[in-house]
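J.: Residue numbers for the sequence shown follow the numbering used here, so the first one is 0 and each next one is one higher.
One structure, pasted below without further comment.
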Amino acid sequence: MSSNGAAAIVVGVDGSSSSLDAAGWAARAAELRGAALKLVSAYQVKALYTSFVTLPAHIGSQERAAADKILAGASLVARRSVLAPDGLSISVDALVGPTIQAMIDQSSDASMIVVGTRGNGEYFAEVLGSVSTAISAQAHCPVAIVPRSVAIESGRSTVVVGVDASTGNQRSIQLAFEEASLQGTGLVAVHVSSETSTGRSVLAECLAGWGEKYPQVAVTRTVLHGNVVENIVELSQRARAVVIGSGGRRSGISDRLLGSTVRSLAHRVDCPLIIARG
């Protein structure tokens, strides 16, 4: 934990360029929030020894050495990605076991889990593409999926949040306002509906009170028609981040954001995708 008590941001790394990009973004996110950064690399021991209560020290040493090297490289990337490298608290952890379960376990004490869109598949049990989808559905805290070569561009002046008609989207709205406030950008709240008047009512109801809590954030309310994924992908081209919910009880955006839809967004949005969990 950081000096101000904020829970750490945890990022999974496997040495791939995608995971290093995620580490850089996570470092900037931690710096903005005054939080610590924790780098995690999960690996599996190829040799199976069922007769030992604990594995002998030499078993898995190559895999552990590879994970330690990955973590050292990611630490350098993280330091180089922030404005005040000496002020960022970074810890590392090489964990034995399946990646998905390791990251879900880490999410219990994290403020955010960060992963890339693809991995190298060598030391992680699964490539990050499948990992990101599974974690986004099971983590105990928000999950950020970071595209390759992500950059903080001055020309990108918004955070986008998908709003539906469920009561569960208040968490994603809160995260979106927080992100826009931290980034110093405006917020675009979008609802996809076949009826414009209904969409406006949904936005008015769901956003009520948030403007007073974040008066520095300029909010644009937008009702769009058609395919949810296509609309969000288009908006992401001008956004620093897109925030979505993890599931809703009524029809709307969040009902469709699990499984294949999250996978589609994760591989197509042109900025970090933050899924509201926890």
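All C-beta atoms in this analysis are idealised placements derived from N, C-alpha and C, irrespective of residue type, glycine included.
Quick one: give me the first and last residue of the beta strand (DSSP E) that Val10 is part of.
T.: The residue labelled residue 10 in the question sits at position 11 within the sequence shown. Per DSSP, Val10 belongs to the beta strand (DSSP E) from Ile8 to Gly11.
J.: Grab me the residues of Gly11's own chain with a C-beta within less than 6 angstroms of its C-beta, minus the 5 sequence neighbours each way, in chain order.
T.: Taking the first residue of the sequence shown as 1, we reach residue 11 at position 12. The residues are Val39, Met102 and Val114.
J.: Can you name, in chain order, every residue of its own chain whose Cβ lies under 6 angstroms from the Cβ of Val261, other than the five neighbours on each side?
T.: Here residue 261 refers to the residue found at position 262 of the sequence shown. Thr132 and Ser135, listed in sequence order.
J.: Runs of 4 residues minimum, wholly inside the region 144-211: which ones carry the alpha helix (DSSP H) assignment?
T.: Those alpha helix (DSSP H) runs which fall completely within the region 144-211 and span 4+ residues are 169-182 and 195-206.
J.: Per DSSP, what are the beta-bridge partners of Met111 in this structure?
T.: In the sequence shown, residue 111 corresponds to position 112, counting from 1. Partner(s): Ile8.
J.: Output the distance between the C-alpha atoms of Val222 and Ala240, rounded to the nearest integer angstrom.
T.: Stepping through the sequence shown from its first residue, residue 222 is reached at position 223. Stepping through the sequence shown from its first residue, residue 240 is reached at position 241. Whole-angstrom Cα-Cα distance: 19 angstroms.
J.: Work out the CA separation of Glu211 and Val142 for me, nearest whole Å.
T.: Translated into the one-based positions of the sequence shown, residue 142 becomes position 143. Translated into the one-based positions of the sequence shown, residue 211 becomes position 212. About 26 angstroms.
J.: For the beta strand (DSSP E) that contains Leu94, what are its first and last residues?
T.: Mapped onto the sequence shown, residue 94 falls at position 95. Ile89 to Val95 is the extent of the beta strand (DSSP E) around Leu94.
J.: Can you give the beta carbon distance from Ser218 to Leu186, rounded, assuming they're within the 8 angstroms contact cut?
T.: The residue you call residue 218 lines up with position 219 of the sequence shown. The residue you call residue 186 lines up with position 187 of the sequence shown. The residue asked about is misnamed: residue 218 is Val in this sequence, not Ser. That belief holds up - the Cβ atoms of Val218 and Leu186 are roughly 5 angstroms apart, short of 8 angstroms.
J.: When DSSP labels each residue in this structure, what does Arg239 get in the three-state scheme?
T.: Here residue 239 is taken as the residue at index 240 of the sequence shown, counted from 1. Strand, per DSSP.
J.: Start and end of the alpha helix (DSSP H) containing Thr116?
T.: Numbered from 1 along the sequence shown, position 117 holds the residue referred to as residue 116. Per DSSP, Thr116 belongs to no alpha helix (DSSP H) and is neither H nor E.
J.: Using a 10 Å radius around the Cβ and a threshold of 16 neighbouring Cβ atoms, would you call Arg79 buried or exposed?
T.: Within the sequence shown, numbered from 1, the residue matching residue 79 stands at position 80. That one is exposed.
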